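Some notes on the structure that comes next.
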Amino acid sequence: MRRRAAEYRRPVRRRFSYWIWALFGLFSIAGLVLLVVHHNQHEDRVEQPVLERNTGLDQVAHESLNFTEEILSARSFSRQLAEQMTLAKAYVIIAKEHNNLHLAWELSSKIRNCQLLLSKAAMRGEPVTLEEAEPIIKSLSYLIFRAEDAHYDIATTIMTMKSHIQALEERANAATVQSTVFGQLAAEALPKSLHCLNVKLTADWLRKPSLQELADEKRNSPRLMDNNLYHFCIFSDNVLATSVVVNSTVSNADHPKQLVFHIVTNGINYGTMQAWFLSNDFKGSTIEVQNVEEFSWFNASYAPIVKQLLSADSQAYYIGGYQDNVAPKLRSPKYQSLLNHLRFYIPEIYPQLEKVVFLDDDVVVQKDLTPLFSLDLHGNVNGAVETCLEAFHRYYKYLNFSNTIISSKFDPQACGWAFGMNVFDLIAWKKANVTARYHYWQEQNADGTLWRVGTLPPGLLTFYGLTEPLDRRWHVLGLGYDLNIDNRLIESAAVVHFNGFMKPWLKLAIERYRPLWERYVNRSHPYLQDCVTS
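Each residue of the sequence shown is one higher than the one before, counting from 1 in the UniProt record's numbering.
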C-alpha cells in the first residue's frame with residue numbers, strides 16, 4: 001500500500017509542478033525577458049565607447065547573440081535556468097506559507113545565483129555554458145524535489161495561490177481605478193493658457209461696445225436661415241476647441257463662404273466666444289453665437305433632462321467626491337452640462353432649418369463636408385457612422401437589458417453608432433417627433449436604471465430605426481484614447497474625433513495625433529502668443 005501510495009504521489013506532484021509552471025511561467029519568463037531587453041538597451045548606451053575600443057571580432061561576437069532569443073530557445077541552458085527559477089519562485093511562496101523558512105531561504109539563494117549567472121551571460125554577450133549551468137540546475141532540481149515532497153497537498157496549495165492571485169488582482173484594480181481618477185481630473189482641468197485666453201477675450205467683450213453692436217447686427221442675418229447654405233451646429237464652452245472645428249471645416253471646404261456655423265455656449269463663455277469669432281475671419285463663413293441660458297423654453301417643465309440635472313440626487317452624484325462604487329468616467333462634469341444635451345433639441349433651436357451637420361468640439365475636419373448635405377438618408381433622421389466593428393459597441397453594452405422596458409423593444413445585438421459628426425434631417429425629425437421620443441426615454445430613466453449617464457444611450461433609443469449608416473471614412477474615432485489607429489485610416493477620414501480623456505489641448509494628449517489638431521490653431525494671434533509665453 002505504501003509503495004502504491006508513493007507511486008501515486010509522484011505523478012500527482014509532477015502534475016502539480018506543471019500546474020505551478022503554467023500559473024507563473026508566463027509572468028516570470030516575460031518579466032525576465034523584459035529585464036534582459038532593458039539590460040541590453042542600457043548596455044548599448046553605456047558600453048558603446050568600450051566596444052569601439054575592442055577588436056572587430058569581439059564586436060561581431062557581441063552583436064551576433066540576441067539574448068532575448070537565447071532565453072526563449074528550448075535548447076538553451078538559459079531557458080532551462082529560467083524554467084527552474086519559475087518553479088523555485090513558486091515554491092518560495094508555498095514554503096513561506098507553510099512556515100518552512102529554511103527551505104524558502106535555500107530556494108531564494110539559488111534563485112539569486114541563477115539570476116546572477118544570466119545577468120553575467122547577458123553582459124558578456126555569450127550563451128550560458130554547460131559547465132556554468134549544470135551545478136545550479138542540479139542544486140535547484142534537488143531543492144524543487146524537496147519542496148514537492150514536502151508540499152504536495154494540491155488542494156491547500158491551490159487555495160494559497162488563489163489568495164495570492166486575488167490579492168494581486170485587487171491591487172491591480174485599485175491602481176487602475178486610481179489611474180483613471182487621475183486621468184479624469186487632468187481632463188477636467190482647464191489649461192492655464194486657455195484660461196488666460198478666456199480672461200482676455202471676456203475683457204474685450206466687456207470694454208468694447210463695438211463688439212456687442214456688431215453681434216446685434218449679425219444676429220438678424222438672413223444667411224442664418226437660408227437653406228441653400230450649409231449649416232453646422234456646435235455646442236461648447238471651449239473657445240479654442242470650437243475655433244479649431246470651425247477653422248478646420250472652412251480650411252477644407254471648396255466654398256467656405258457658403259458655410260454657416262451655429263454655436264451655442266453658456267453664460268460664462270458667451271462673451272469669450274463672441275469676442276473671438278467677431279474679431280477673427282474664417283474665410284468669409286457666417287458664424288452665430290448664442291447663449292443657452294437665454295433659451296427660455298429650455299426649462300424643467302419642458303425638458304426632463306433639465307429637471308433631472310437640477311435634482312438633489314443629481315447634484316450629489318456629480319458634485320460630491322469620487323465614490324468607490326462609481327466609475328470615474330461616469331461622473332465627468334460634461335454629463336451635467338446642458339450643452340451636452342442640446343443635440344436633442346436642434347429643431348427647437350433652429351426651427352427654420354431643414355438639414356444640419358452636428359459637430360462635437362473635439363473633432364478636426366480634414367475634408368470638404370458639404371457632400372454630406374446631399375446624401376440620401378432614405379427617410380431616416382440621423383446619418384451616423386456605426387461603431388459595431390468591435391463587439392463592445394452593441395446595444396447591450398450601453399443599456400440595461402435586464403429591464404423589460406428595454407428588452408421588449410430593442411435588439412441587444414443592434415449596432416451602435418457615434419455622436420460627434422452627424423447629419424440630421426430636421427424635416428424627418430419633426431415628422432417622427434424625435435424630441436418627444438427623447439423625452440419619453442429620459443422620463444423612463446429618471447431613476448437611472450435603464451442606463452447610467454451620457455447622451456449616447458438615450459440617443460441609441462431615440463434614433464432606433466431612424467439612423468442611416470454612413471461610410472466609416474466620414475468619422476474616425478478614438479484619437480483621445482487609442483494609440484494604435486492605422487495612419488491610412490486617419491488620412492482617409494473626413495473627420496477625426498478626439499473622444500476620450502486625452503484631448504489635444506491638454507498636456508496628456510497623445511503626441512502622435514496632436515499635430516492634426518494644432519495645425520488649425522491660430523498661433524499668430526497676439527492673445528495666444530501672450531498666454532503661452534506667460
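For glycine and all other residues, C-beta sits at the position ideal for the given N, C-alpha and C.
These numbers come from a predicted model, not from an experiment.
C-alpha of leucine 359 to C-alpha of glycine 267: approximately 21 Å in a straight line. Leucine 143 and asparagine 113 have their C-alpha atoms roughly 14 Å apart. Non-local C-beta neighbours of valine 250 in its own chain, meaning closer than 7 Å and more than five positions away in sequence, comprise Pro256, Leu259, Phe282, Lys283, Ser285, ordered along the chain.
Leaving aside the five residues that flank leucine 206 on each side, the residues in its chain whose CB is nearer than 8 Å to its CB run, in chain order, Gly271. Comparing alpha-carbon positions, the option among Tyr513, Leu197, His164 lying closest to aspartate 486 turns out to be Tyr513. Bridge partners of proline 469 according to DSSP: Ala384. Shown here for proline 504: same chain residues with a beta carbon closer than 6 Å to its own, the five before and five after excluded, namely Phe498, Arg514, Trp517 in chain order.
Straight-line spacing of the CA atoms in leucine 466 and valine 381 works out to 5 Å. According to DSSP, threonine 242 shares a beta bridge with no other residue.
DSSP, reduced to helix, strand and coil, places tyrosine 481 outside both helices and strands of the structure shown, so it counts as coil.
Rounded to the nearest whole angstrom, the C-alpha separation of serine 301 and lysine 307 is 7 Å.
Here cysteine 388 is not near glycine 420, since their CB atoms are 8 Å or more apart. Taking the Cβ atoms as the reference, asparagine 269 lies roughly 7 Å from valine 239, within the contact range of under 8 Å. In the DSSP assignment, valine 532 falls within the alpha helix (DSSP H) that extends over 526 to 533.
Note that the stretch 353 to 368 touches the stretch 228 to 237; at least 3 beta-carbon pairs, one per stretch, sit closer than 8 Å. Residues Ser243, Asn247, Asn280, Leu528 of the same chain have their beta carbon placed closer than 8 Å to that of asparagine 522, with the five preceding and five following residues left out of the count. Contact check between the stretch 473 to 491 and the stretch 435 to 450: fewer than three CB pairs, one atom from each, fall below 8 Å, which does not count as touching.
In the three-state DSSP reduction, valine 521 falls in the coil class, being neither helix nor strand. Around the beta carbon of threonine 202, a 10 Å sphere encloses 16 or more other beta carbons of the protein chains shown; the residue is thus reported as buried.
Here tryptophan 441 has Leu450, Pro458, Leu461, Thr462 as same chain residues with Cβ atoms under 8 Å from its own Cβ, once five neighbours each way along the sequence are excluded.
Cβ-Cβ separation between alanine 418 and valine 364: approximately 15 Å, too far for a contact (criterion under 8 Å). Scanning Val264, Leu309, Arg146, Phe277 for the CA closest to the CA of glutamate 294 turns up Val264.
When DSSP states are grouped into helix, strand and coil, valine 306 belongs to the helix group.
Listed in chain order, the non-local C-beta contacts of proline 469 below 6 Å within the same chain comprise Glu386, local neighbours out to five positions each way being set aside. Taking C-beta separations shorter than 7 Å and ignoring five residues to either side along the sequence, the partners of glutamine 444 in its chain run Ile405, Leu450, following chain order. Between aspartate 362 and glycine 480, the C-beta gap is smaller than 8 Å, which places the two residues in contact.
Per DSSP, valine 357 lies in no alpha helix (DSSP H) segment; the continuous beta strand (DSSP E) that holds it begins and ends at 355 to 359. Ranked by Cα distance from asparagine 66, the options Glu106, His102, Val128, Phe373 are led by Val128.
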